[in-house]
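Take a look at the structure set out below.
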Amino acid sequence: MPDLKRTPFYDFHLKAGARMVAYAGWEMPLLYRGIIDEHLHTRAAASIFDVSHMGRLKFTGKTAEPFLQRMCTRNLAKGTVGQSMYSLVCRDDGGILDDVIVSRFDNHWYMVCNAANREKLLAWFATHKDVPTIEDETTKTAMVAIQGPKAVPLLDEVLPEPVSDLKRYHFEVMRYMLMIQFTVFRSGYTGEDGAEIICGTTAANLAMNYLLKSEGEHAILKPAGLGARDTLRMEAGMPLYGHELTEEVDPLSAGLEWAVDLQKEFVGVAALRRIAQAGLQRRATGLLIDGPRSARQGMAILQGDKHVGVITSGAMSPTLKRPIAIGYVPVDLAAPETPLRIAGATGILEAATAALPFYKRPGKVR
Amino acid sequence: MAAPNDRKYSASHEWHQQQGDVVTIGISRFAVDELTDVTYVDLPAVGKKLDAGKRFGEIESVKATSELYSAVAGEVIDVNDALKADPSLVNQDPYGKGWLIKVKAPGADLSALMDGAAYTARHGE
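First to last, the protein sequences are chains V and P.
The opening residue of the first sequence carries number 1 in the numbering used here; numbering runs sequentially from there.
The opening residue of the second sequence carries number 367 in the numbering used here; numbering runs sequentially from there.
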């Protein structure tokens with residue numbers, strides 16, 4: 001496919017039988033064996049996802065911390081070295097430019113952003129004052145996510161230091177011998193426990209082959225593509241940029257108030273304070289649909305015959321074995337089990353609101 | 367894998383197999399692979415009259431919903447009820463057990479459609 005970037009795992013994907021698709025300017029694996037198969041394997045065992053398309057930005061210099069504090073909705077001062085925080089980057093009017101994970105290292109900060117928003121964010125950052133040194137490490141590094149109930153036990157056996165000692169949203173820089181350095185983050189986007197690993201491009205395939213060739217218990221690890229990643233995150237109630245999150249949506253309406261600190265100063269805070277003061281108009285909610293048909297992004301949500309909202313994501317849930325969706329509805333209709341209807345392409349789907357997430361892994365507190 | 371040559375293919379990826387007055391319709395392996403795992407197939411009732419080139423149903427996968435088109439006019443005389451219980455038959459066997467509908471279409475002219483070789487050349491099955 002012309003003009004598309006390839007990750008260091010491109011040859012691996014082809015050998016593993018992936019069907020490649022264009023995604024945010026990258027040639028990425030949609031699936032290997034099948035979306036449902038890969039989804040269920042992640043819930044039951046462990047999968048490895050190539051997420052090298054995601055943007056990786058390094059911030060250094062004295063202004064890095066105050067700059068990121070101004071750019072991000074989350075109060076990063078509350079994080080310690082070795083901790084990662086999910087945050088939004090907003091426009092002045094509170095519209096979401098991207099959702100990111102910001103990690104505090106000893107002498108620098110690291111941001112993982114959406115592939116489709118990387119260049120937009122870099123341009124946005126450059127319009128502000130006191131910009132620190134920002135290095136785009138996206139094509140110099142690789143990133144994989146290893147997710148599933150067996151992911152952490154597996155990683156504990158193969159990595160030099162145990163991942164099980166890391167708290168959620170914490171990370172550690174590890175080394176093999178002296179040559180190979182990589183960072184292991186206890187985070188993910190599937191609703192499962194697991195880790196995300198960033199390493200240099202040269203070590204990437206060594207690591208992938210090592211992980212996948214492991215014998216015995218480790219043979220459970222299988223590759224999974226973007227298709228399963230999408231249905232997994234939907235079940236876990238996690239928003240996706242371009243669907244639940246856009247520049248026309250604010251983080252409070254998106255249900256991300258926990259990632260917004262209205263007490264600190266940042267770009268967009270004035271608008272978000274006004275929105276919070278006035279009360280939300282609409283809110284993101286889950287929807288469970290009766291019958292076999294799925295809702296899709298863009299379909300209208302109706303109460304009776306009245307147009308009240310819009311679907312942002314929808315699919316047949318492989319775990320629940322019924323169609324699930326996420327959409328925006330007026331706040332007074334967002335309480336769980338509110339009956340609503342969805343205007344499908346050829347008919348009406350009966351649905352009811354449902355609290356997110358649809359799926360919580362056993363033992364998970366939040 | 368080449369598309370079988372015992373049927374004809376439309377640009378919208380439905381195959382049409384003519385046996386006497388009856389045309390059986392399904393979708394190609396290429397289309398099935400594009401769709402990913404099929405989760406639901408919405409098919410017309412027996413007795414429904416179809417127009418050539420018009421939509422007769424929808425097929426849903428985990429990923430997307432797509433429309434189904436018939437290249438022939440006629441009356442639906444059978445639908446594949448097995449797909450209600452197991453829509454993944456379309457993935458497993460698109461040219462066999464995953465057929466969709468049978469249409470009574472005496473004298474239907476399929477000559478404008480692609481044969482298996484032409485369809486394979488176009489979509490590299």
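For every residue, glycine included, the Cβ atom is placed at its ideal position computed from N, Cα and C.
Residue i and residue j closer than 7 angstroms at C-beta
i               : j               : result
E235 of chain V : S317 of chain V : yes
R282 of chain V : S313 of chain V : no
R373 of chain P : Q383 of chain P : yes
V442 of chain P : V407 of chain P : no
A45 of chain V  : K150 of chain V : yes
A24 of chain V  : A142 of chain V : no
S84 of chain V  : K222 of chain V : no
E433 of chain P : E424 of chain P : yes
G392 of chain P : L466 of chain P : yes
A448 of chain P : L479 of chain P : no
C113 of chain V : L121 of chain V : yes
T127 of chain V : T60 of chain V  : no
L287 of chain V : A351 of chain V : yes
G79 of chain V  : G268 of chain V : no
P336 of chain V : A355 of chain V : yes
A397 of chain P : A418 of chain P : no
V331 of chain V : L280 of chain V : yes
F171 of chain V : F182 of chain V : no
Residues that residue i bridges to, as DSSP identifies them
i               : result
Q303 of chain V : V:K306
L287 of chain V : V:A325, V:T353
F125 of chain V : Paired residues: none, contrary to the question.
A343 of chain V : V:I348
P8 of chain V   : Paired residue(s): none; P8 of chain V is not in a bridge.
L57 of chain V  : V:M111, V:D136
W26 of chain V  : V:K5, V:Y23
Y375 of chain P : P:W381, P:M480
Q147 of chain V : V:S47, V:G194
F185 of chain V : V:F171, V:E196
E433 of chain P : P:E424
E400 of chain P : DSSP output for E400 of chain P lists no bridge partner at all.
Chain V contact residues for residue i, given Cβ-Cβ distances below 7 angstroms
i               : result
Y406 of chain P : P292, R293
T390 of chain P : The contacting residues do not exist; T390 of chain P stays about 23 angstroms from chain V at best.
Minimum C-alpha distance to residue i - residue among the options
i               : options                        : result
R229 of chain V : V:T139, V:A300, V:L40, V:D136  : V:L40
T139 of chain V : V:C199, V:A259, V:V100         : V:C199
C90 of chain V  : V:V260, V:R6, V:I35, V:M20     : V:V260
L245 of chain V : V:T285, V:D193, V:W109         : V:T285
D305 of chain V : V:I348, V:F266, V:R361         : V:I348
R56 of chain V  : V:R293, V:M28, V:V21, V:I101   : V:I101
D363 of chain V : V:E192, V:D332, V:R74          : The residue you asked about is not Asp; residue 363 of chain V is Gly in the sequence shown. Minimum Cα distance to G363 of chain V is reached at V:E192.
N209 of chain V : V:F12, V:P153, V:A325          : V:F12
T405 of chain P : V:L287, V:Y328, V:G291, V:A270 : V:G291
I326 of chain V : V:S52, V:T338, V:I311          : V:I311
L4 of chain V   : V:R19, V:M28, V:L14, V:A18     : V:M28
R296 of chain V : P:H379, P:K429, P:A418         : P:K429
L166 of chain V : V:P153, V:Y176, V:M177         : V:P153
E157 of chain V : V:H108, V:G188, V:L211         : V:L211
S52 of chain V  : V:K62, V:I146, V:Y32           : V:I146
V131 of chain V : V:R19, V:F9, V:V267, V:F67     : V:F67
D399 of chain P : P:A487, P:A451, P:Q458         : P:Q458
R33 of chain V  : V:L155, V:Q277, V:T42, V:A224  : V:A224
Y189 of chain V : V:V144, V:E65, V:L280, V:A77   : V:V144
L97 of chain V  : V:H243, V:T346, V:I324         : V:H243
L272 of chain V : V:P251, V:G255, V:I289, V:W258 : V:P251
M174 of chain V : V:G82, V:E265, V:E119          : V:G82
Residue i: contacting residues in chain P (beta-carbon distance under 7 angstroms)
i               : result
L316 of chain V : Correcting the residue identity first, residue 316 of chain V is Met in this sequence and not Leu. Within 7 angstroms Cβ-Cβ: T405, V428.
T231 of chain V : V428
L31 of chain V  : T402
Opening and closing residue of the alpha helix (DSSP H) in which residue i lies
i               : result
R43 of chain V  : 35-44
H243 of chain V : Run containing H243 of chain V: none; DSSP gives neither H nor E here.
I275 of chain V : 269-278
W252 of chain V : In the sequence under discussion, the amino acid at residue 252 of chain V is Leu, which differs from the Trp named in the question. No alpha helix (DSSP H) holds L252 of chain V; DSSP gives it neither H nor E.
F422 of chain P : Note, F422 of chain P: premise wrong, no alpha helix (DSSP H); beta strand (DSSP E) at 421-427.
L226 of chain V : 226-235
E65 of chain V  : 64-71
Within chain V, the residues that residue i reaches when beta carbons sit closer than 8 angstroms
i               : result
D399 of chain P : R19
Per-residue contacts from residue i into chain P (C-beta, under 9 angstroms)
i               : result
A345 of chain V : E424, T431, E433
Chain B contact for residue i (CB, 7 angstroms cutoff)
i               : result
T402 of chain P : Among the protein chains of the structure shown, namely V and P, there is no chain B.
Listed by chain order, chain P residues near residue i by CB distance under 8 angstroms
i               : result
T133 of chain V : The contacting residues do not exist; T133 of chain V stays about 40 angstroms from chain P at best.
R296 of chain V : A430, T431
G227 of chain V : T402, V428, K429
G34 of chain V  : T402, D403, N457
Element boundaries [beta strand (DSSP E), containing residue i]
i               : result
Y86 of chain V  : 84-90
G200 of chain V : 194-200
G392 of chain P : 388-393
K468 of chain P : 467-470
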